[in-house]
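Step one of this worksheet: look at the structure below.
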Amino acid sequence: MRKSNRAAAGAAAWQVVHEGVKPGKPSLWARTRAIPRMFGSRLRGRYTQLPVSRLLLYVLAMLYILSPLDLVPELFIPLFGLADDAVIAVWLTSGLVGETERFLEWERYGDDYIEGHVVG
């Protein structure tokens, strides 16, 4: 993902969390509930718009955040130890915000939904 796309995704995640949901957009709760369905649909091969590589990165990011092991431990370098977790959490949140919106649209329109557009 290019730097400008990451910044836009991060801004969108911040907006959803702090400013609430815009009319016509899925709520934060709807997006959160969609994550297990999205992963399940991808693993069953139904939702193919989520590449397996990105799915694996999302899972690894979740495991890293939840894991007691850190790349940069807070004990030795407190500021950087927290920063690495924060960076990964922001990346994961921004990625899931966009991905769950696409997934919810795909659920709504089924196979007529391709790359952000309803076909047919």
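Mapping of the sequence shown onto full-length UniProt numbering: residues 1 to 120, in sequence order. Virtual Cβ for every residue (Gly too), placed ideally from N, Cα, C.
Sequence-distant partners of L55 (beyond 5 residues in either direction) whose C-beta falls short of 6 Å from its own C-beta, in its chain, are R42. Rounded to whole angstroms, the Cβ separation of A83 and I65 is 13 Å, and the two are not in contact under 8 Å.
For the 9 Å CB-CB criterion, M62 and E99 do not form a contact. One Cα belongs to D85, the other to G40, and the distance between them is close to 26 Å.
Approximately 19 Å separates the beta-carbon atoms of Q49 and W91; this is outside 8 Å, ruling out the contact. Residue burial is scored here from C-beta neighbours: V97 has at least 16 other C-beta atoms within 10 angstroms and is therefore classed as buried.
In the three-state reduction of the DSSP assignment, R33 falls in the helix class, which pools H, G and I.
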